[in-house]
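Chemist: My questions all concern the structure below.
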Amino acid sequence: MQFIKFIGENGLMPHGYCLSWNPALLSLHVLSDVIIALSYYSIPVCLAYFVRRRKDLPYRRLFWMFGLFIVACGTTHLLATIIIWVPLYWLDGFAKAITALFSAVTAVAMVWIIPRALQLPTSVQLEAEIAERKKAQQEQQEVLDRLNKIAGLVPGVVFQFRLCPDGSSCIPYASEGLRTIYRVGPEQVREDASGVFAVVHPDDIENHLASIRISARDMTPWHQEYRLQFDDAAALWLLGSALPQLQPDGSILWHGFLIDITEQKELEEALRESALYTRSLIEASLDPLVTIGADGRIMDVSAATEKATGIARDALIGSDFCDYFTESGQARAGYQQVFEQGSVTDYPLVIRHVSGKLTDVLYNATLYRDTQGKVAGVFAAARDITARKKMEEELQRSNAELDQFAYAVSHDMRQPLRMVASYLTLLEKALAGRLDEDTREYLSYAIEGAKRMDQMILAMLDFSRVGRKTDPITPISSREVLDDTLAMLKSDIIAGDGAVEVTGDWPELVASRDELMRLLQNLIGNALKYHEPDQPPCVEVHAAATPALFRVTVRDRGIGIDPNQTERLFKVFSRLQARTRFEGTGVGLALCRKIVEHHGGRIGVESAGEGCGSTFWFELPRASAHEKSLRGRVS
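Mapping the sequence shown onto UniProt numbering, position 416 (from 1) lands on 416, and the numbers just tick up by one.
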């Protein structure tokens with residue numbers, strides 16, 4: 001109360017006396033101060049509203065200080081209006097002192113704040129910064145869109161997988177491939193990844209989760225192959241790979257990809273089954289099989305190879321393949337021949353067993369290549385010819401015995417026959433005047449029978465010599481052989497007033513010259529012989545050749561053959577015509593068949609029937625016969 005009394009009773013006169021209580025002057029001062037005071041009071045209210053609404057406003061205290069300063073200023077103007085009538089000069093002084101304090105503090109704050117406020121960006125700078133930020137955001141969005149498009153086109157799934165400290169997991173990002181592979185959309189697993197674990201194959205889920213835990217524990221790259229199982233489809237194989245990254249919140253974020261490897265797994269399984277099947281075939285082979293690398297060392301063998309050498313497979317692999325033959329140099333030469341020619345056929349070698357037993361074999365080998373087509377080595381198979389050599393030795397012994405028999409036949413059997421025929425002839429001449437017709441006919445039959453028997457013995461000797469006592473199989477000119485054959489048959493052609501027409505291609509081939517000549521001689525000779533007496537023989541001999549075969553046809557216009565009797569023609573001593581009509585032993589066509597078969601060919605006959613002529617034909621390989629002959633002579 002004392003303070004109120006002090007500021008109110010100061011003995012001073014009101015300020016209106018100074019203005020002489022001039023109404024106009026008083027009105028001017030009062031109205032001006034009132035308007036100023038009201039304005040000063042409204043400005044802080046607006047500032048307070050502005051500051052409260054703009055929480056991000058810098059230097060908020062400065063605004064509050066300005067507000068207090070302005071309120072104080074407004075108060076001084078309000079007191080100036082009151083002082084005109086009431087002399088509250090002390091109160092007015094205190095108000096001005098407070099205003100001075102607020103203004104001084106605000107001024108000092110302004111001096112401190114203005115340099116810092118000047119560093120704040122201007123609206124133009126802010127607009128430019130905002131524009132740049134928007135542009136950067138737009139570019140970033142374009143990059144993200146581009147990456148999303150690329151990720152959507154990449155096979156499989158591009159993903160981020162997060163494992164939180166509490167054990168929960170989610171997939172913050174996944175490309176659209178997730179929908180195809182896992183049958184869930186990326187948005188469905190953005191907060192919870194349990195949907196992708198639910199379809200992992202029951203047999204793989206434990207290993208799958210364990211691989212994630214190990215990657216998280218050791219912060220090592222995650223690599224895993226696992227299967228997905230759906231109710232309506234077969235298992236789907238996936239290959240996953242990702243790199244872990246520790247996050248500030250303690251979670252681990254993997255960045256990686258998933259690809260579907262089902263086709264690859266199916267191919268691997270098919271290859272595995274094929275390898276097992278191939279291995280089964282290899283092991284089932286009775287012949288030793290071996291794979292040899294480019295360095296000449298064994299890469300793989302079959303069980304038959306172990307049996308042939310007496311050495312286990314593990315010991316054979318990596319060793320020099322030449323060590324298991326009696327002639328290692330010959331084996332190495334054959335190996336080099338494979339690289340030079342691409343293959344070898346029936347290469348003779350001898351395998352040595354650890355027990356000392358020797359096995360004669362014929363090796364067949366060919367190059368094999370890797371997936372790039374580069375020669376990787378040689379695959380070889382050996383055929384045990386021990387039994388074959390034994391048979392060949394027995395055959396040679398049998399041939400020797402047959403030669404002795406043939407000699408005995410030609411000498412010991414033909415000699416008595418010649419004596420019988422000779423003495424019967426002498427007897428017929430000696431008793432010529434005393435023999436009646438019947439006796440003379442009987443003697444003639446006996447002499448003819450002895451001669452026919454001699455011819456049959458000669459024919460059988462020829463038949464037995466095919467392939468043994470003939471010219472070797474060598475390259476020859478088929479035309480020269482034909483010309484020599486026709487020269488031998490010239491007398492028969494002239495005697496029968498016949499003609500032989502030769503057409504076609506007569507190339508070189510590999511054959512026995514002597515046997516080919518006898519073959520042509522028999523076929524053309526038969527064509528000249530079997531004709532009607534009133535019809536001269538006309539024979540057409542035609543040849544055709546391909547790179548592999550040589551074919552000859554001998555066509556005549558003779559007596560023809562009953563189609564039902566063609567099977568009998570090529571049998572020994574088989575005759576379709578009476579001996580009284582056409583001479584012969586019945587061995588000629590059988591001899592032809594044996595010659596053709598000895599060369600690895602075929603022979604046949606075609607005829608429309610009796611009186612329609614016949615066409616005999618044969619086919620011979622142009623080169624393989626020689627190779628077969630060489631294989632038959634390997635010793």
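Note that CB positions come from ideal geometry on N, CA and C, so glycine has one too.
1. Leaving aside the five residues before and after R60 along the sequence, list all residues of the same chain whose C-beta is less than 6 Å from its C-beta, in chain order.
2. Please state whether DSSP places I181 in a helix, a strand or coil.
3. Looking at residue 708: is its Cβ nearer than 8 Å to the Cβ of I84?
4. Ordered along the chain, which non-local residues of its own chain (more than five positions away) have a Cβ less than 7 Å from that of K265?
5. Find out if the Cβ-Cβ distance for the pair R551, A544 is shorter than 8 Å.
6. What would DSSP say about I83, mapped onto helix, strand or coil?
7. Taking 8 Å as the cut-off, decide whether the C-beta atoms of A331 and F325 are in contact.
8. Kindly give me the distance between the Cβ atoms of F159 and L258, rounded to whole angstroms, as I take these residues to be in contact under 8 Å.
9. Measure how close the beta-carbons of V184 and G177 come, nearest whole angstrom, since I'm counting them as under 8 Å.
10. Please classify Y49: does DSSP put it in a helix, a strand, or coil?
11. What's the call for T580, buried or exposed, on a 16-neighbour Cβ count within 10 Å?
12. Check this for me: beta carbons of V290 and I282, under 8 Å apart or not?
13. Let me confirm a value: A494 is counted as buried when at least 16 other C-beta atoms fall within 10 Å, else exposed. Which label applies?
14. Report the residue from K374, Y368 and T359 whose alpha carbon sits nearest the alpha carbon of R383.
15. So what does DSSP say about S614, is it helix, strand or coil?
16. Express the C-alpha separation of Q229 and H201 in angstroms, rounding to a whole number.
17. What are the residues that DSSP puts in a beta bridge with V71?
18. Let me make sure I understand the geometry here. Which of T615, P507 and E606 has the alpha-carbon closest to that of R622?
19. Given a cut-off of 8 Å, decide if T76 and D92 are closer than it, judged by their beta-carbon atoms.
20. Roughly how many angstroms lie between the CA atoms of L523 and P533, to the nearest whole one?
21. Taking the Cβ atom as the reference point for each residue, do G296 and Y335 lie within a distance shorter than 8 Å?
22. Sort out for me which residues DSSP pairs G256 with in a bridge.
23. According to DSSP, simplified to helix, strand and coil, what is L358?
24. Using the beta-carbon count (16 or more within 10 Å), is N22 buried or exposed?
25. With a Cβ-Cβ cutoff of 8 Å, do W222 and P244 count as a contact?
26. Let me check understanding here. Comparing Cα to Cα, which of H542, G558, G600 and L362 lies closest to G609?
27. Just the C-alpha distance for I603 and R479, rounded to the nearest angstrom, thanks.
28. With a CB to CB cut of under 6 Å and the five nearest residues on each side skipped, what residues in its chain are close to F102?
29. So what does DSSP say about T345, is it helix, strand or coil?
30. Which residue marks the beginning of the alpha helix (DSSP H) containing residue 636, and which one marks its end?
31. What residue range is occupied by the uninterrupted alpha helix (DSSP H) comprising residue 640?
32. Would you mind giving the Cβ-Cβ distance between G342 and T366, rounded to the nearest angstrom? I have them listed as a contact below 8 Å.
33. Could you name the residues of the same chain whose beta carbon sits closer than 6 Å to that of C322, not counting the 5 residues immediately before and after it, in chain order?
34. In this structure, does DSSP put S515 in helix, strand or coil?
35. Go to R593, then tell me how far its alpha helix (DSSP H) extends in each direction, as first and last residue.
36. Mind checking whether V124 and M65 have CB atoms under 8 Å apart?
Modeler: Judging by the given coordinates:
1. V51
2. helix
3. Beyond the ends of the chain as shown, which are 1 and 635, falls residue 708; an answer cannot be given.
4. W237
5. yes
6. helix
7. yes
8. 7 Å
9. Contact doesn't hold; Cβ gap of about 11 Å is too wide.
10. helix
11. The pLDDT assigned to T580 is 45, lower than 50, so where the model puts this residue is not dependable, and the model offers no usable value.
12. no
13. In the sequence as displayed, the identity of residue 494 is Ile instead of Ala. The residue is exposed, with fewer than 16 neighbouring Cβ atoms inside 10 Å.
14. T359
15. coil
16. 5 Å
17. In the DSSP output, where bridge partners are listed per residue, V71 has none listed.
18. P507
19. yes
20. 19 Å
21. yes
22. F159 and A242
23. strand
24. exposed
25. yes
26. G558
27. 19 Å
28. L68, F69 and A72
29. strand
30. In the structure displayed, the chain extends from 1 to 635; residue 636 sits before or after that span and is not available.
31. An answer regarding residue 640 cannot be provided, because it is not within the stretch 1 to 635 covered by the chain.
32. 7 Å
33. S328, A331 and R332
34. The question names Ser, but residue 515 in the sequence shown is Glu. Helix.
35. G588 to H598
36. no
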